[in-house]
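**Student:** Every position in the sequence shown, counted from 1, becomes a number in the numbering used here once 15 is added.
Just so it is clear, CB atoms sit at the ideal spot from N, CA and C, and this is done for glycine as well.
First the structure, which I've put down as C-alpha cells, then a few questions once you've had a look.
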Amino acid sequence: MTNLRALDSAYIANTYARFPVEIVSGRGSILTDSAGKEYIDLGSGIAVTSFGIADEAWLAAVTGQLTRVQHTSNLYYTEPCAVLAQMLCERTGMKKVFFGNSGAEANECAIKAARKYASEKKGPDAFTIVTLKNSFHGRTLTTLAATGQDHYHELYQPLTPGFAHVEAGDMAALEKLAAQTRIAAVMIECIQGEGGVVPLDREYARALADFAQARDILLIADEVQTGNGRTGALYAYMNYGIQPDIVTTAKGLGGGLPLGAALLGEKVKDIFQPGDHGSTFGGNPVCCAGAISVLSRIDDALLASVREKGDYAAHALAGAPGVEGVRGMGLMLGVRTKKPASAVISRCRENGVLCLSAKDCVRLLPALNIPMDVLQRAVQVIMRACAE
Ligand code: PLP
Numbered sequence: 016m017t018n019l020r021a022l023d024s025a026y027i028a029n030t031y032a033r034f035p036v037e038i039v040s041g042r043g044s045i046l047t048d049s050a051g052k053e054y055i056d057l058g059s060g061i062a063v064t065s066f067g068i069a070d071e072a073w074l075a076a077v078t079g080q081l082t083r084v085q086h087t088s089n090l091y092y093t094e095p096c097a098v099l100a101q102m103l104c105e106r107t108g109m110k111k112v113f114f115g116n117s118g119a120e121a122n123e124c125a126i127k128a129a130r131k132y133a134s135e136k137k138g139p140d141a142f143t144i145v146t147l148k149n150s151f152h153g154r155t156l157t158t159l160a161a162t163g164q165d166h167y168h169e170l171y172q173p174l175t176p177g178f179a180h181v182e183a184g185d186m187a188a189l190e191k192l193a194a195q196t197r198i199a200a201v202m203i204e205c206i207q208g209e210g211g212v213v214p215l216d217r218e219y220a221r222a223l224a225d226f227a228q229a230r231d232i233l234l235i236a237d238e239v240q241t242g243n244g245r246t247g248a249l250y251a252y253m254n255y256g257i258q259p260d261i262v263t264t265a266k267g268l269g270g271g272l273p274l275g276a277a278l279l280g281e282k283v284k285d286i287f288q289p290g291d292h293g294s295t296f297g298g299n300p301v302c303c304a305g306a307i308s309v310l311s312r313i314d315d316a317l318l319a320s321v322r323e324k325g326d327y328a329a330h331a332l333a334g335a336p337g338v339e340g341v342r343g344m345g346l347m348l349g350v351r352t353k354k355p356a357s358a359v360i361s362r363c364r365e366n367g368v369l370c371l372s373a374k375d376c377v378r379l380l381p382a383l384n385i386p387m388d389v390l391q392r393a394v395q396v397i398m399r400a401c402a403e
C-alpha cells in the first residue's frame, strides 16, 4: 500500500482525494482491500456496479463478447449495440439511441441534439439550454457550463456560452427567463445526486414539463445517476409522470464498463445525419453486451425489491440518533447527519462499510441486488457511526 500510494501520487494527475484503501477484489456487495479487510460496498463505484462486483451473468455476457470481438468501429454493424438500443427504446418509448462512453458524453449529445432541433425549428438564436441551480451534468467544458454550481466554473473560464440556470421549484424564474431568452431545452435531474440527493418537487416537475411542451422547448432528463433502476423505477422521470424528449444515462447501464447513452424521443429521433456526431468507442460491443445483461434483469420484481430495500434503509436511519433526515428514492439515499458527513464516512470505513458523500450528506448507492441481510448489517454500522 505504501508503494502504491507513492506510485499513484508520483504519476496520477492530482484530481482525486483518495481514501487510504487499495481495493484488490470483490464479489457482489463485498470489496476486499490489499490487507484482506472486507467492506460492504454502499457506493457501487458511484452508482455503476448495478449488480455488484463480478456478477456472474454480467461476467458471462462480457467475457463471451470479449472472446468474439472486443471492438470494431462504428463503420460496421455489431449486434449488441443494436439489441441494447432496441431494449432501451422499447422500455422507455424513446425512438433512437446514441451511444458514447460516459454521462458527460451522453449530455453533450443531448445538448447538440437540442441545439440542432431548436435552430432548425425556431432559428439560430434559440440556443439557450436552461438547467437548475445545484445541478451536476458533467466535467467537459460544455457540461460544466450546464452544471448549475458556480464553484465548478471558476477555474475554467470561458465555458461554452448559451446556458442559464434557474432555481429548482421556481416556475416564475423560468417564465421570466423564457420571456427574455429563446430557449432550446430545459435539462433536469429528477434527483440531484452530486447536489446532495435532492429530489425535485413533483408539482414543479409536472409544471415544468407542461411549460416546456407548450412552447416546444425540449425536456432533457439527465438520468446518469438516477437511471437504470436506481430509484425503484427504470428511470426516475417515470416516478414523476413526465415525458422527456431526451433521456441521458450512463453509470449503472454498463454495470462497470464505460457506456453512456442519449435516448432520443419522437421530436429529435432523426435530428442527426451521418457525420453530425460520433464517438470511437460509443456502442462498444463488450460494454453493450454487459448493459444488455444489466437491463434485462431490471424487471418489476427487481424494481419492487429496490423500493423495499430503500424504504427499509430510509426508515431505519430516519429516526436514528445522530441522524437529522433522509432524502432520496429507492437505493439512492442521502442521510443528513448531526456530525459532519466526512466523520461518519471515516468511522463507517474503519468498521467495514464504504459510503459516499454528496454536499452535506452521507450518500448511499448500493448495488440494486444487495442482499437484505448485508444491507441491514451496513445500516447498523452507519447508525452506530452517527450515534457515537
Ligand atoms: N450527470 C449526472 C447527473 C451525474 O451524476 C454525473 C456524474 O456524477 C454526470 C452527469 C457525469 O457523468 P460522467 O462522470 O460519467 O461523465
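Quick check: A276 and V77, are their CB atoms within less than 7 Å of each other?
**Tutor:** no
**Student:** May I ask you to check if the CB of A119 is nearer than 6 Å to at least one heavy atom of the ligand PLP?
**Tutor:** yes
**Student:** If we ignore side chains and look at the alpha-carbon of each, how far apart do K136 and A200 end up?
**Tutor:** 12 Å
**Student:** If I261 sits next to A128, beta carbons under 8 Å apart, how far is it from one beta carbon to the other, in whole angstroms?
**Tutor:** 6 Å
**Student:** Flag E209 as yes when its Cβ comes closer than 6 Å to any non-hydrogen atom of the ligand PLP, and as no otherwise.
**Tutor:** yes
**Student:** Label P381 either buried or exposed according to how many other C-beta atoms from any shown protein chain fall within 10 Å of its C-beta, with 16 as the threshold for buried.
**Tutor:** Buried, because 16 or more other Cβ atoms sit within 10 Å of the Cβ of P381.
**Student:** Tell me whether F178 sits in a helix, a strand or coil according to DSSP, three-state version.
**Tutor:** strand
**Student:** Who are the Cβ neighbours of V309 in its own chain at under 6 Å, not counting the five residues just before and after it?
**Tutor:** So the list reads S65, G270, once near-sequence residues are dropped.
**Student:** Could you say which of T295, T264, V338 lies nearest to C3 if we only look at CA atoms?
**Tutor:** Residue 3 lies beyond the range of the chain shown here (16 to 403); nothing can be said about it.
**Student:** Could you tell me whether the segment 242-251 touches the segment 337-356, using the rule of 3 or more Cβ pairs below 8 Å?
**Tutor:** yes
**Student:** Please classify I257: does DSSP put it in a helix, a strand, or coil?
**Tutor:** coil
**Student:** Note the first and the last residue of the continuous alpha helix (DSSP H) segment covering M387.
**Tutor:** Counting along the chain, the alpha helix (DSSP H) containing M387 begins and ends at 387-402.
**Student:** In this structure, does DSSP put S372 in helix, strand or coil?
**Tutor:** DSSP places S372 within a strand segment (E or B) once states are collapsed to three.
**Student:** Reducing DSSP to helix, strand and coil, say where G43 ends up.
**Tutor:** strand
**Student:** How many angstroms separate the CA atom of C67 from the CA atom of L192?
**Tutor:** Sequence check: residue 67 is Gly here, not Cys. Cα to Cα, G67 sits roughly 43 Å from L192.
**Student:** Using 10 angstroms around the beta-carbon of T107, count the other beta-carbons present and answer buried if the total reaches 16, otherwise exposed.
**Tutor:** buried
**Student:** Regarding H152 and the ligand PLP, is the C-beta to nearest heavy atom distance less than 6 Å?
**Tutor:** yes
**Student:** Please list the segments of the beta strand (DSSP E) lying wholly inside the segment 34-113, counting only runs of 3 or more residues, in order along the chain.
**Tutor:** 38-42, 45-48, 53-56
**Student:** Use the C-beta contact count for L19: other C-beta atoms within 10 angstroms, 16 or more gives buried, fewer gives exposed.
**Tutor:** That one is exposed.
**Student:** Which complete beta strand (DSSP E) runs does the segment 206-267 hold, if anything under 3 residues is left out?
**Tutor:** 233-237, 261-264
**Student:** Any heavy atom of the ligand PLP within a distance shorter than 6 Å of the CB on V239?
**Tutor:** yes
**Student:** Pull up the distance between the alpha-carbon of D225 and that of L318, whole angstroms please.
**Tutor:** 27 Å
**Student:** How would you label M387, buried or exposed, when you count the other beta carbons within 10 angstroms and need 16 or more for buried?
**Tutor:** It is exposed - the Cβ of M387 has fewer than 16 other Cβ atoms within 10 Å.
**Student:** May I ask whether a heavy atom of the ligand PLP can be found less than 6 Å away from the beta carbon of E204?
**Tutor:** yes
**Student:** Shorter than 6 Å, the distance from the beta carbon of A193 to the closest heavy atom of the ligand PLP, or not?
**Tutor:** Result no, Cβ not under 6 Å from the ligand PLP.
**Student:** Run through DSSP, which three-state label would E204 get?
**Tutor:** coil
**Student:** Report back the beta-carbon spacing between V301 and Q85 to the nearest angstrom; my notes put them in contact at under 8 Å.
**Tutor:** 6 Å
**Student:** Using the Cα positions of L390 and K324, report the straight-line distance between them to the nearest angstrom.
**Tutor:** 8 Å
**Student:** Check this for me: beta carbons of P95 and A400, under 7 Å apart or not?
**Tutor:** no
**Student:** When you compare the segment 290-301 with the segment 228-240, are there three or more beta-carbon pairs, one atom per stretch, that lie closer than 8 Å?
**Tutor:** Put simply, the segment 290-301 does not touch the segment 228-240. Fewer than three CB pairs are less than 8 Å apart.
**Student:** Is any heavy atom of the ligand PLP found at a distance shorter than 6 Å from the C-beta of G265?
**Tutor:** The question names Gly, but residue 265 in the sequence shown is Ala. The answer is yes for A265.
**Student:** Are the CB atoms of A119 and T158 nearer to each other than 7 Å?
**Tutor:** yes
**Student:** List, from N- to C-terminal side, the alpha helix (DSSP H) runs of 4 residues or more that fit wholly inside the segment 272-359.
**Tutor:** 300-312, 315-333
**Student:** In three-state terms, what does DSSP make of R130?
**Tutor:** DSSP, reduced to helix, strand and coil, places R130 within a helical segment of the structure shown.
**Student:** May I ask you to list the residues that DSSP assigns as paired with R378?
**Tutor:** Its beta-bridge partners are G349, L371.
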